[in-house]
Structure formats: C-alpha cells, structure tokens
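Colleague:
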Amino acid sequence: MLARWKNDKPMSLPAFDARFSDEEACSHYLAEHRWPEGFVCPSCGTCKGWPLKRNRATWECAGCARQTSVTAGTVMHSSHLPLRIWFLAAHIITSHSNGMSALQLQAQLGLGSYKTAWLLLQKLRRSMVNPDRNPLKDLVEIDEAEMPFRSRHDPEDRPKGGRSPVGKMFVVCAVELSSDGHPRRIRMKHIPDGASKTLHGFIGQAVEPGAHIITDGWLGYENPPANTHEAKVVSGKKAHDILHWVHRVFSNLKTWAKSVFHGLRKCHLQRYLDEFVFRWNRRRHMRSAFDTLLGIGVGLGPATYRDFVEQRA
1 MLARWKNDKP MSLPAFDARF SDEEACSHYL AEHRWPEGFV CPSCGTCKGW PLKRNRATWE
61 CAGCARQTSV TAGTVMHSSH LPLRIWFLAA HIITSHSNGM SALQLQAQLG LGSYKTAWLL
121 LQKLRRSMVN PDRNPLKDLV EIDEAEMPFR SRHDPEDRPK GGRSPVGKMF VVCAVELSSD
181 GHPRRIRMKH IPDGASKTLH GFIGQAVEPG AHIITDGWLG YENPPANTHE AKVVSGKKAH
241 DILHWVHRVF SNLKTWAKSV FHGLRKCHLQ RYLDEFVFRW NRRRHMRSAF DTLLGIGVGL
301 GPATYRDFVE QRA
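The sequence shown: position 180 = 180 (full-length UniProt numbering), numbered continuously.
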C-alpha cells in the first residue's frame, strides 16, 4: 500500500529499549518537548522549577510551589498507563508502515482490556493532526470519491462474510504536486456531499491562497474564492490519467482500509483518514514520525473516552 521508508529507517526495538528504558527516560523526553526552552509553570508562568526526586514526571514551580505533571494538559492527561506503554504504542504504530487495529495493538502491548487499547489508539490518531500544519501550495489535484462503510454492528476487527458495507461515505482528497509532477503532501476530509459550499470549505482549509487547483468538471469546484482553478472535463478511464495522483491515493486508501481494518466505520472515518494522511506524508521518513506524533500529542489538550464514543451519535 504505502511505500516503505526510503531515507530513514524507524528505530529498531533494541534501540527503543535502550533509549526509553524506564519511566524516567520517558519523563525526560516529554519535559524536553513540552518545555524546549526550559520549564514554564502553567499556573503562574515562572520559568524556574525542578522535577521531584520521588517522581521525575512531576515538576515543582519555584514561584508558586505548584506541582505539574509532564503529562498534564496533554494527550496523555490523567492516563493510568505507564509512560513506557504510551511510548511503545507510538513506536509500534509509527514503525509499521500500514498501521494496525486496536485488537492487534492490544496483543502487541499485552493489555488486558480492548477498551484501553482502543482509547489509546484513538488518542494517538488524534495526535496525527498538527493544528498548525501548513496548507498545500503550488499545484494541487483535488477530487472526491465514495467509500463503503461497515455497519456499527459489524465486528471492529474481524472480516464479515459476504458484502458487509451497508452504505457509502464521501471523501475529498487534495494532492500537492512538485514542479516535476510528483506528489509531496496530501489532505483528506470526510464530507457530507459534493456541494460547492462543502468543497470550497475544504479548499479554504487545506489549500494555500494562490495555489493552482486542478479538478474534473464537477460544478462544485467552480470559482474557488482564493485560488486559480483549472477544470478538466473528463470521464471514465481518462479521469485516472488526468488526475493521476489523487486517484492513486484513493486506491491506496481503499486497499489500506480493507487490508488493515476490514473496512471503515462511518462514525470514526475522519480519524482513519487522519492516520492515512499522517502515514502517507511520512512514508519515506518513518524515524521522524515517532517524534512528530509525540510532539503533537504534547501540545494537544486532553480528550476522554466519552469524547470519542459520542462521535457515534
């Protein structure tokens, strides 16, 4: 599905064990990423503090004496899992080019609860989206496609005999191209329809003003407010030639969804898309994916189990 790492290999398991041998090593890593210029108290802003001797994951402010955990206010907030389990999960997920289901992650980590593995995976998927990421620029192909989805009553991690999809979901994809026509980055979004308002909203979020957009002849793409637009009226087989890369990405997405998850659930589709985009954009730089994933997670606010399951409503 996705091209495996080319320029840098992910950490080996022995290298991971040596780098993050205990909770203190993990705490030190988080402190460096959360406070790269040195400790800053989240309560009073004092720039001086120290880790407690009895618990290196907790810092005490020199100004107000307030104690702060390195995980407080992050994606790991209030987690009962050891930091090393979080780190090992991030390592496993970013080291496998195709990813894995929550059931597989549960087995890999030796967790007793599927719910724990599922929530851990959802939180790490949430950390795959940098709120400050740069929009696509220069030349951008855009198209939308239908994706089949499984019933919420189907097993989460097991294939179902026969034709399990019971409906279709719409996904829009944008692919940034280099000057020589090769793909650089992608963006994807679950959309309710192909209306002009919907597609223009996606373009406004994903594409830099001034970029040149190439689409098919669908009227919903006409006159994007801040971009030059080239509509190529094509149909059938020619569409795959004209919008080559966006169609290849959709093909990769469908293969990935079927092989790893045996289909996707509609209620969590955007999380799956976020994971696919994260992997695709880092397909040749898997070593840095680990640092990126935890780096984004440190900057995110906390989320609870209820936050994720309420998306099913």
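Glycine included, every Cβ here is placed at the ideal spot set by N, Cα and C.
Per DSSP, what kind of secondary structure is H77 in: helix, strand or coil?
Modeller: coil
Colleague: Can you round the beta-carbon distance between L109 and I85 to whole angstroms, since I take them to be within the 8 Å contact cut?
Modeller: 6 Å
Colleague: Just to confirm the assignment, what range does the alpha helix (DSSP H) spanning S27 have?
Modeller: 23–34
Colleague: What residue ranges within the region 30–118 form continuous beta strand (DSSP E) runs of no fewer than 3 residues, ordered along the chain?
Modeller: 49–51, 58–61, 67–69
Colleague: Count the other C-beta atoms from every protein chain shown that fall within 10 angstroms of the C-beta of N227, then say buried if there are 16 or more, exposed otherwise.
Modeller: buried
Colleague: In the DSSP assignment, find the alpha helix (DSSP H) that holds P14 and state where it starts and stops.
Modeller: 13–19
Colleague: Please state the DSSP three-state secondary structure of V277.
Modeller: Helix.
Colleague: Please state whether the Cβ-Cβ distance between L243 and M169 is less than 8 Å.
Modeller: no
Colleague: Under the three-state reduction of DSSP, which class applies to V260: helix, strand or coil?
Modeller: Helix.
Colleague: How far does the alpha helix (DSSP H) with K197 in it reach, from first residue to last?
Modeller: 196–206
Colleague: Contact between the region 62–78 and the region 42–50: three or more CB pairs below 8 Å?
Modeller: yes
Colleague: Measuring alpha carbon to alpha carbon, tell me which of R184, C173, V309, P302 ends up nearest K254.
Modeller: C173
Colleague: Considering only their Cβ atoms, is the gap separating R125 from E275 smaller than 8 Å?
Modeller: yes
Colleague: K123 and V75: beta carbons closer than 8 Å?
Modeller: V75 sits close to K123, with the two beta carbons spaced by under 8 Å.
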